[in-house]
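Take a look at the structure set out below.
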Amino acid sequence: NFSNKELSCSHCGENKFDQKTLDALQGLREAIGKPLKISSAYRCPVHNQKVSSTGVLGPHVTGKAIDILCSGSFAHEVLSYAMIRSSVWKGIGISQKGDHSSRFIHLDTIETSNRPWIWSY
36 NFSNKELSCS HCGENKFDQK TLDALQGLRE AIGKPLKISS AYRCPVHNQK VSSTGVLGPH
96 VTGKAIDILC SGSFAHEVLS YAMIRSSVWK GIGISQKGDH SSRFIHLDTI ETSNRPWIWS
156 Y
């Protein structure tokens, strides 16, 4: 259900999105039974440094991170499913402030012990 364009870097057009993460994203889509609007998937290091405080080594640079545009009850659905599937989704970031059209849930499959499992922006 996801196009190459949705998963590619909006700066350079390159797509290094991780297959395991894509499989998990497709599982989320099927479990929820609704389309998922992606605001950010893979980012090249140059783009990530411009748009994120994580710089050239951020989660999106790994190809294992996705930001899903959602708010309200739909954000709750996405968050609930991700928390149930914590064996897959290792990082969950919640941005639910400001305009509803820019609110999102960040999910990633990065396995490491030195970062929080769930956080807010």
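Counting from 36, one number per residue, gives the positions in the sequence shown under our numbering. Backbone N, C-alpha and C define an ideal beta-carbon position, used for all residues, glycine too.
Range covered by the beta strand (DSSP E) that runs through residue i
i     : result
Thr99 : One point to set straight first is that residue 99 is Lys, not Thr, in the sequence displayed. Neither: Lys99 is in no beta strand (DSSP E) and is coded neither H nor E.
Assigned secondary structure, residue i (DSSP; H/G/I helix, E/B strand, else coil)
i      : result
Gly62  : helix
Ile73  : strand
Ser136 : helix
His141 : strand
Ser45  : coil
Residue i and residue j closer than 8 Å at C-beta
i     : j      : result
Lys55 : Thr144 : yes
Spatial distance of residue i from residue j (CA atoms)
i      : j     : result
Tyr156 : Gly93 : 15 Å
Gly126 : Thr97 : 13 Å
Thr89  : Asn83 : 7 Å
Leu114 : Ala76 : 17 Å
Where the alpha helix (DSSP H) through residue i begins and ends
i      : result
Gly107 : 107 to 119
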